[in-house]
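A.B. asks: One structure coming up, written as structure tokens, with questions to follow.
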Amino acid sequence: MDIARKRRTGILIGTLITILIAGVMLMKLSPFEMMEDKLRDYRFKIRGAVNPPDKIVIAAIDEKSIERLGRWPWDRDKIAHLVERLTKAGAELVTFDVIYSEKEKNDPVLAGAIKDASNVLLPVVFQFERESESPATELLIDSAFFSVKNHEKFNKYTPITAKGVLMPVPELIKEAMGLGFINMFPDADGTLRWEPLVIGYKGQLYPSITLKTAITYLGIPPEKVVVDATKGIQVGKIYIPTDRWGRIFTNYYGPEQTFKHISISDILDDKIRPELLKGKIVLIGATAVGIYDLRVTPFSAAMPGVEKHASVIASILENRFLKTVSFSTDLIALLLSGTLFSIIIVRFKAVGASWFTFLFFSVIFLSAYYLFAHKGLLVNITYPSINILLIFISNTAYNYMVEERYAKRVRAMFSSYSTERVVNELIKNPDMAKIGGERREVTVLFSDIRGFTTFSEKYSPEEVVAILNEYLGAMTEVIFKWEGTLDKFIGDAIVVFWGAPLRQENHAELAVRCAINMVNRLGELQAKWKAEGRETLDMGIGINTGEVIVGNIGAEGKKMDYTVIGDNVNLGARLEALTRRYDAYILISEFTMSKIKTVVETGKLGHLSARGLEKVVVKGKKRPVGIYEVKSLSPESISVITEYAEGEVVVMKEK
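Note that numbering that gives the first Met the number 0 has the sequence shown beginning at 0, numbered continuously upward.
So this is what it looks like as structure tokens:
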């Protein structure tokens, strides 16, 4: 096998694998999606922690505090005392990651502390399994978003919607500055990667505690917060890009202890300098292992949930978001990388190909890391990586098979009498090589050169063969372009069919597209022949659709042809013969017309005219059949179908 052909085949292998992986990418299979999630986690670990804003601190319910104050949960008078201490220290905003949903005797004490502070946000928990309603549900409405833009988009992509809600006791809610939900939704592997910023409940949208904290701290009035359905959230001058369900990919600033932790016991014992709390957002949450508020994150298998809140709030305040690129961008990256790799890899031998593959992998991973760490973009590298690996393996295996394939050159020579698709189908399904075949609906195309006998008499056999080969070669390229099965050449005639051996639901459409392309290609050949001072050829095409017998017909073990037989095949031949009578390039039967009528009317088949001529009874048939002349129109024209007049049927006596 020559080098050029070997390279072309290698590129073809790479292209097919790339198309296959693109199909897998469209299906979003769980193993591949989970692999990409893990690769995103590693990007966090490689990047490491980033400096968090000092305006966020965590008042930790830690082991030290539990040892000092007793087992959790503590009496609410202690929590009230904590709020008082934070207020005294000058905390700008106090956000609880602890929900007090059951009444206790010291609720008035805590409510009083919250009222005096006037800067406390409390959490709610939405419920999704069953419908439930807190006695204080009516107090929730004040925390709903005022403005939702492009609300109709939620008809297609419904936001996360709750059936019930668990709320703090009403006495606390009435004194709080606002509410936000603290629901978390880990991925299938248990890792917390996404942060929902909105949840729907009873026709309203509500913010997360993280978003509510950022909005409140920034002093953004409610009317300046706008939910842009399925796209993002406008918070004053900050635009938060979300996915279709109002989620963001959490930009973790680092592992646990990345943000400043202050033990609650130290705050209560007045061991903390006021400047550590003054003007700060103070998140009150559990970090002790025994309280079980630990989450699996890209950085850690046991990160306190309040630390996740801190990362989300910080990313909003600093306008530092991670955004997954669109699916189309990932798909284009896959196709481009696969195509480029396929073109280059075929130029190397085994060792060089291995080094180039390693280099290509490195470029993919380094590019993805750069976009993540410096641009906040998450690109999918799983599918391009798998694609590159499969192309490398396939091309390596193919190179080892070249000599074996070369030794089977005789087989390849015989295969040239049929299409590669037929040969491949026979290899995959040996039973197809039996005598006989199966009934199947196909579309057949007959093409013949007009006046070829007269042409042959005027020129030498060598000249006739030369121009015939040029014509047949050009037509064959067109046929294969439109996935036709080339049945045979009968002198200057061509027989093609669609719908077998591989099933093609749009076989009639493919046949008509092929016929139009053949006529256009003939026009190019005619112009070329005229320029060369040679006589031009003309042709006619007949197309019919119907049930036929398709399969290997002949003498088993001696000579067989994969072909089609039946009345519908004969009708196709008769239509081709009628092109001379009607001075038409392309004639199709009413059966083919019924298959393509919709795509012609909608313009999906290009700019065409399908003109009904009349009903005819061709020789050898009794039933009349309607025929249409198909022509290609100028690009500015609108496709049109003209029906033939119902009336007299023309009976054809000639062939």
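Cβ atoms here follow ideal geometry from the backbone N, Cα and C, with glycine treated the same way.
Would you kindly check if the distance between the Cβ of Thr475 and the Cβ of Ala510 is under 9 Å?
C.D. replies: No, Cβ-Cβ distance for Ala510 and Thr475 is not below 9 Å.
A.B. asks: Kindly give me the distance between the Cβ atoms of Val281 and Leu109, rounded to whole angstroms, as I take these residues to be in contact under 8 Å.
C.D. replies: Contact flag wrong, Cβ pair sits at about 16 Å.
A.B. asks: For Ile12, count neighbouring Cβ atoms within 10 angstroms of its own Cβ and tell me buried if that reaches 16, exposed if not.
C.D. replies: The residue is buried, with at least 16 neighbouring Cβ atoms inside 10 Å.
A.B. asks: Measuring only the C-alpha atoms, how far is Glu546 from Lys594?
C.D. replies: Answer to the nearest angstrom: the Cα atoms are 13 Å apart.
A.B. asks: Contact check, Ile237 vs Ile315 under 8 Å by CB: the rounded distance?
C.D. replies: Going by Cβ atoms, the distance from Ile237 to Ile315 rounds to 7 Å, so yes, they are a contact pair.
A.B. asks: Please report how far the alpha carbon of Ala213 lies from the alpha carbon of Ile65, in whole angstroms.
C.D. replies: Rounded to whole angstroms, Ala213 to Ile65 spans 29 Å at the Cα level.
A.B. asks: Count the other CB atoms within 10 Å of the CB of Arg408; is the residue buried (16 or more) or exposed (fewer)?
C.D. replies: Note that Arg408 scores a pLDDT of 40, beneath 50, so its modelled location is shaky; the value from the coordinates is reported in the next line. Flag for Arg408 reads exposed.
A.B. asks: Going by CA-CA distance only, name the one from Lys148, Thr136 and Ser366 that's closest to Gly163.
C.D. replies: If we check each option's Cα against that of Gly163, Thr136 comes out closest.
A.B. asks: So, Trp71 versus Ile290, is the Cβ gap smaller than 9 Å?
C.D. replies: Yes, they are a contact pair.
A.B. asks: By the 10 Å Cβ neighbour count, where 16 or more other Cβ atoms means buried, how is Met26 classified, buried or exposed?
C.D. replies: Met26 comes out exposed.
A.B. asks: What are the complete beta strand (DSSP E) segments, minimum 3 residues, inside the region 1-84?
C.D. replies: The qualifying runs are 55-60.
A.B. asks: By Cβ distance, which residues of its chain are closer than 6 Å to Val305, with the 5 residues on each side in sequence left out?
C.D. replies: These residues qualify, in order along the chain: Ile57, Asp96, Leu282 and Gly284.
A.B. asks: From Val598 to Asp582, what distance separates their C-alpha atoms?
C.D. replies: Near 25 Å, if we compare the C-alpha coordinates of Asp582 and Val598.
A.B. asks: When the Cα atoms are used, what is the spatial distance from Ala300 to Ile392?
C.D. replies: Computed Cα separation, rounded: 36 Å.
A.B. asks: Closest to Ile387 by CA distance: which of Lys374, Val378, Val518 and Ile344 is it?
C.D. replies: The option with the nearest alpha carbon to Ile387 is Ile344.
A.B. asks: I need the DSSP call for Trp528, collapsed to helix, strand or coil.
C.D. replies: In the structure shown, Trp528 sits in a helix (DSSP, three-state: H, G or I).
A.B. asks: Expressed to the nearest angstrom, what Euclidean distance is found between the alpha-carbon atoms of Thr157 and Thr229?
C.D. replies: Cα to Cα, the separation comes out at about 9 Å.
A.B. asks: Give the secondary structure of Val295 by DSSP, where H, G and I count as helix, E and B as strand, and everything else as coil.
C.D. replies: Three-state DSSP puts Val295 in a strand.
A.B. asks: Give me, in chain order, the residues of the same chain whose beta-carbon lies closer than 8 Å to that of Glu101; leave out the 5 immediate sequence neighbours on both sides.
C.D. replies: Hits under 8 Å: Val168.
A.B. asks: Applying the criterion that 16 or more other CB atoms from any shown protein chain within 10 Å of the CB defines a buried residue, is Gly202 buried or exposed?
C.D. replies: Exposed: under 16 other Cβ atoms inside 10 Å.
A.B. asks: Out of curiosity, what's the CA-to-CA distance linking Thr371 and Arg39?
C.D. replies: The amino acid at residue 371 is misidentified as Thr; the sequence shows Phe. C-alpha separation (whole angstroms): 9 Å.
A.B. asks: Which of helix, strand or coil does DSSP assign to Arg610?
C.D. replies: Arg610: strand per DSSP, three-state reduction.
A.B. asks: In terms of residues, what are the limits of the beta strand (DSSP E) holding Ala285?
C.D. replies: Per DSSP, Ala285 belongs to the beta strand (DSSP E) from Ile280 to Ala285.
A.B. asks: May I ask you to report which of helix, strand or coil DSSP gives Thr86?
C.D. replies: Helix.
A.B. asks: Please report the straight-line C-alpha distance between Pro240 and Ala21, rounded to a whole angstrom.
C.D. replies: Going from the Cα of Pro240 to the Cα of Ala21 covers about 26 Å.
A.B. asks: Tell whether a beta-carbon distance below 9 Å holds between Leu120 and Gly199.
C.D. replies: Taking 9 Å as the Cβ cut-off, Leu120 and Gly199 do not qualify as a contacting pair.
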